[in-house]
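Take a look at the structure set out below.
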Amino acid sequence: GLPAEVTIWEVGARDGLQNEKEIVPLEVKLEFLRRLADAGLVVLEATSFVHPKWVPQLADATELLAGLDQAPGVRYPVLVPNERGLDRALDAEVRDIAIFASATETFAQRNLNSGLDSQFAMFDPVVSRAVGEGIAVRGYLSMCFGDPWEGPVPVEQVVTAGKRLLEMGCFQLSLGDTTGVATPGHVEALLRAFAAAGVEVGELAVHFHDTYGQALANTSTALRHGVSTVDSSAGGLGGCPYAESATGNLATEDLVWMLEGLGIEHGVDLDALVGTSLWMAEQLGRPSPSAVVKALG
Ligand code: HMG
Ligand code: MG
């Protein structure tokens, strides 16, 4: 059945911005995070400690953490791919990190310069060191439904890789539809496969991109399956620079509108959030693709 309450994992400042060609000024990023916290979001993925040449937009991660006035009760997780990234995150006194694995060989190579198997050797010391420091580690798994180079991804392959992340010590596994190709039947099949493999639904989160307009339908399917953590980005910003045809994430506004209608608690002030996305759209010089932002804006 449906959860009574959903935790929105807001990725606008990270997934939303990482693909922007023009470097967004640090002050704008900080203001974006401030406004998102003011709108009631309690998990704000802030940036990534990845190689600055790989994602130039987030090269200011250290400065961003230093300039961030953290709102009480709000968590600010960051992406960390390897030990070098963890060192940088620890220097910035980060308390929440996320590692990000691939369910396919090709994307592990393209996104991490690693491989389907060898990526785990890169993550292992990151997770053990972070957990030793009392840091919560989330595990992302990309290409859970389809991969632009490999095509459809077998459910068993996804479950095997996902279980590895949980067994490594991740408190949560976020199932990524990196290029937005999933449809509700596929979502249901994957969630059933995880359940059959003994993974509790409470350990799972979903991360849908809206390339094919299916993100909300997929989210609805996951909610009905009992998933209660949903990733989204304010205004529907986003996309991965290393995944062909990846567009924005599920828009947080679209998610909030649906949760509201379903009577599921979410804690977000929708007007304040829409105002934030309109402001951000102005900064980026183009309108938000979110249907709800357009309707209410
Ligand atoms: P590499 O080039 O293989 O790195 O990149 P390396 O280990 O060979 O090191 C080369 C040099 O980079 C060394 O410097 C390292 O110190 C330095 P040198 O000794 O030559 O002077 N270096 C670093 N510097 C700063 N920070 C670091 C770091 N690591 C190494 N962390 C690496 C491997 C993993 C670093 C690279 O591939 C990378 O940064 N990838 C990140 C790509 C990325 O951020 N993609 C987007 C996020 S994933 C996503 O969007 C999907 C998601 O939203 C879910 C979904 O939608 O599916 C999460
Ligand atoms: Mg993503």
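Per the UniProt record's numbering, residue 19 is the first one in the sequence shown, and the count goes up by one each step. Here a beta-carbon is modelled for each residue, glycine too, at the ideal position from N, C-alpha and C. Here the structure is a predicted model, which is why all the values come from computation and not from measurement.
> With burial defined as no fewer than 16 other Cβ atoms inside 10 Å of the residue's Cβ, what is the status of G220: buried or exposed?
Replying inline: exposed
>> Strictly under 8 Å for the Cβ-Cβ distance: is F125 near chain D by that measure?
In response: Included in the structure is just one protein chain, with no chain D present.
> Looking at the unbroken alpha helix (DSSP H) that takes in R156, where does it start and where does it end?
Replying inline: Premise fails: R156 lies in the beta strand (DSSP E), A154 to S160, not in any alpha helix (DSSP H).
> How many Å lie between E271 and L62 at the Cα?
Replying inline: 15 Å
>> According to DSSP, is Q190 part of a helix, a strand, or is it coil?
In response: Under the three-state reduction of DSSP, Q190 is assigned to strand.
> Name the DSSP bridge partner or partners of L97?
Replying inline: S66 and A116
>> By alpha-carbon positions, which one of S250, D78 and A213 ends up nearest to V29?
In response: Of the candidates S250, D78 and A213, the one whose C-alpha sits nearest the C-alpha of V29 is S250.
>> Determine whether the beta carbon atoms of L54 and A252 lie at a separation below 8 Å.
In response: Yes, the Cβ-Cβ distance between L54 and A252 is below 8 Å.
>> Using 8 Å as the threshold, is the C-beta distance between A116 and L97 below it?
In response: yes
> Beta carbon of H284, beta carbon of L291: below 8 Å?
Replying inline: no
>> For F226, report the span of its beta strand (DSSP E) as first-last.
In response: L222 to F226
> Do residue 10 and C188 have their C-beta atoms closer together than 8 Å?
Replying inline: With the chain represented from 19 up to 315, any question about residue 10 goes unanswered, as that position is not in the structure.
>> Tell me the rounded alpha-carbon separation between V248 and D228.
In response: 14 Å
> Sorted by chain position, which residues of the same chain lie with C-beta nearer than 7 Å to L280's C-beta, five sequence neighbours on each side aside?
Replying inline: L20
> Quick one: Cα of K312 to Cα of L209, how far?
Replying inline: 32 Å
> Do three or more CB pairs link the segment 179–186 to the segment 226–244 at distances below 8 Å?
Replying inline: no
> Which residues in the same chain have their Cβ closer than 8 Å to the Cβ of R147, if we skip the five residues on either side of it in sequence?
Replying inline: E101 and L104
>> How far does the beta strand (DSSP E) with S250 in it extend, from its first residue to its last?
In response: T247 to S250
>> Please report the distance separating the alpha-carbon of G203 from that of W275.
In response: 23 Å
>> Can you list, in chain order, the residues of its chain with a C-beta nearer than 6 Å to that of T201? Leave out the 5 residues immediately preceding and following it.
In response: Q232
>> Whole angstroms are fine: how far does the CA of A154 sit from the CA of M186?
In response: 12 Å
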